[in-house]
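Peer 1:
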Ligand SMILES: NC(=O)c1ccc[n+]([C@@H]2O[C@H](COP(=O)([O-])OP(=O)(O)OC[C@H]3O[C@@H](n4cnc5c(N)ncnc54)[C@H](OP(=O)(O)O)[C@@H]3O)[C@@H](O)[C@H]2O)c1
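Residue numbers (the working numbering): 44 to 291.
1) Relative to the C-alpha of residue 258, which candidate in 47, 45, 56, 61 has its C-alpha closest?
2) Given that a residue counts as buried once 16 or more other Cβ atoms are within 10 Å of its Cβ, and exposed if not, what is residue 176?
3) Do residue 139 and residue 221 have their C-beta atoms within less than 9 Å of each other?
4) Mind listing, in chain order, the continuous beta strand (DSSP E) runs of no fewer than 3 residues lying wholly within the stretch 108–183?
5) Whole angstroms is fine: what's the gap from residue 216's alpha carbon to residue 267's?
6) Who are the Cβ neighbours of residue 154 in its own chain at under 7 Å, not counting the five residues just before and after it?
7) I need the straight-line Cα distance from residue 110 to residue 162, nearest angstrom please.
8) Report the CB separation of residue 85 from residue 76 in whole angstroms; it is logged as a contact under 8 Å.
9) What residue range is occupied by the uninterrupted beta strand (DSSP E) comprising residue 218?
10) Assuming contact is defined by CB atoms lying nearer than 9 Å, are residue 213 and residue 269 in contact in what I supplied?
11) Taking only three categories from DSSP, how would you classify residue 72?
12) By how many angstroms is the C-alpha of residue 122 removed from the C-alpha of residue 116?
13) Determine the direct distance from the alpha carbon of residue 78 to that of residue 96, and round the result to whole angstroms.
14) Who pairs with residue 98 in a beta bridge, going by DSSP?
15) Assuming residue 82 contacts residue 106 (C-beta within less than 8 Å), just tell me the rounded distance between them.
16) With distances taken Cα to Cα, identify the nearest neighbour of residue 149 among 260, 64, 132.
17) Quick one: give me the first and last residue of the alpha helix (DSSP H) that residue 266 is part of.
18) Output needed for residue 100: all residues of its chain with C-beta closer than 6 Å, excluding positions within five of it in sequence on either side, in chain order.
19) Taking the Cβ atom as the reference point for each residue, do residue 72 and residue 260 lie within a distance shorter than 9 Å?
20) Could you check if residue 218 is buried or exposed, using at least 16 other CB atoms within 10 Å of its CB as the buried criterion?
21) Report the three-state DSSP secondary structure of residue 86 (helix, strand or coil).
22) Pull the bridge partners of residue 225 from the DSSP assignment, please.
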């Protein structure tokens, strides 16, 4: 008997990186998994590779969250594992030069969208369900040029803890996973060229005591751990940092 037999999981942003790796682990452990993302082709390709159920939805669009909720309710009923993972970094821009467009894009995906994904799905969560928010070590860092991304993750940590307190009476656990640098497509999507990426990569490895970048699979295993009642039933409102020691 696998860990997640007869469990329904939703992974937002499941077509690449950490979401994809987590969907893979959940499916390997017997869960039925719905993955989302904005790019139809990427979502469908990933779903086919994984054996997941594709649903094209933009986390920053409340109508899309509503459609996802309605589809899940009508087709599958209740949800056991909600992994709110989709996120973007936005540009590396000092506060003085920040545009309202960049601010809104990052906050609407990473914070507002994550908040309303939880808001809409609360009625569908089974007793004993697990919610995991993908945060970041940047939630407690104040590096120049990254103000909005850092603030979006700090806000996420705040609501995750409030949600843990609100949902405890239904035995629903809400936790956060905060990775340090992890090898995915997120940095290239931020519009950095190969040379800049190489420079940032080298700087990050130097700054990490374990002298390596994490993998999506490292993070996925932690999300699976927090979703598994048999090992983490006493954990809620917890933030787990997985960063090779970077914040030390
Ligand atoms: N990689 C790191 O170093 C690192 C470190 C700390 C935290 N994180 C966090 O980890 C999470 C996953 O990122 P990743 O590193 O795995 O990057 P990734 O490979 O770029 O994956 C991001 C996923 O989110 C989806 N996504 C982005 N915006 C979306 C939206 N508006 N609606 C729905 N889906 C959306 C993307 O699909 P579409 O493009 O098709 O929408 C993709 O599936 C993010 O929240 C990120 O902030 C990453």
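Where is the CB? At the ideal position from N, CA and C, for every residue including glycine.
Peer 2: Here's the rundown:
1) The count along the chain shown starts at 1 and reaches residue 258 at position 215. When only C-alpha atoms are compared, the closest one is 61.
2) Residue numbering aside, residue 176 sits at position 133 when the chain shown is read from its first letter. Answer is buried; the Cβ neighbour count reaches 16.
3) Translated into positions along the chain shown, residue 139 becomes position 96. Translated into positions along the chain shown, residue 221 becomes position 178. Cβ atoms of residue 139 and residue 221: not closer than 9 Å.
4) 122–127, 168–177
5) Counted from its first residue, the chain shown places residue 216 at position 173. Counted from its first residue, the chain shown places residue 267 at position 224. The alpha-carbon atoms of residue 216 and residue 267 are separated by roughly 13 Å.
6) For the purposes of this step, residue 154 is identified with residue 111 of the chain shown, where counting begins at 1. Contacts found: 195, 198, 199.
7) Position 67 of the chain shown, counted from the first residue, corresponds to residue 110. Position 119 of the chain shown, counted from the first residue, corresponds to residue 162. Distance between the alpha carbons of residue 110 and residue 162 is about 14 Å.
8) As a first step, residue 85 is located in the chain shown; it is residue number 42 there, counting from the start. As a first step, residue 76 is located in the chain shown; it is residue number 33 there, counting from the start. So it is not a contact: roughly 16 Å between Cβ atoms.
9) Mapped onto the chain shown, residue 218 falls at position 175. Counting along the chain, the beta strand (DSSP E) containing residue 218 begins and ends at 216–222.
10) Translated into positions along the chain shown, residue 213 becomes position 170. Translated into positions along the chain shown, residue 269 becomes position 226. Not closer than 9 Å, so no.
11) As a working mapping, residue 72 is identified with position 29 in the chain shown. Of the three classes helix, strand and coil, the one that applies to residue 72 here is coil, per DSSP.
12) Position 73 of the chain shown, counted from the first residue, corresponds to residue 116. Position 79 of the chain shown, counted from the first residue, corresponds to residue 122. Roughly 9 Å separates the two Cα atoms.
13) The residue labelled residue 96 in the question sits at position 53 within the chain shown. The residue labelled residue 78 in the question sits at position 35 within the chain shown. Whole-angstrom Cα-Cα distance: 6 Å.
14) Here residue 98 refers to the residue found at position 55 when the chain shown is read from its first residue. Per DSSP, 79.
15) Counting from 1 along the chain shown, the entry for residue 82 is found at position 39. Counting from 1 along the chain shown, the entry for residue 106 is found at position 63. About 18 Å; that fails the 8 Å criterion.
16) Reading the chain shown from its first residue, position 106 is the one you call residue 149. When each option's Cα is compared against that of residue 149, the closest is 132.
17) Numbered from its first residue, the chain shown carries residue 266 at position 223. Run containing residue 266: 259–270, per the alpha helix (DSSP H) assignment.
18) Counting from 1 along the chain shown, the entry for residue 100 is found at position 57. So the list reads 79, 107, 111, once near-sequence residues are dropped.
19) For the purposes of this step, residue 72 is taken as residue 29 along the chain shown, with counting starting at 1. For the purposes of this step, residue 260 is taken as residue 217 along the chain shown, with counting starting at 1. Against a cut-off of 9 Å, the Cβ pair of residue 260 and residue 72 comes out as no contact.
20) Here residue 218 refers to the residue found at position 175 of the chain shown. Flag for residue 218 reads buried.
21) What you label residue 86 is simply residue 43 of the chain shown in a count that begins at 1. Helix, per DSSP.
22) Residue numbering aside, residue 225 sits at position 182 when the chain shown is read from its first letter. Partner(s): 257.
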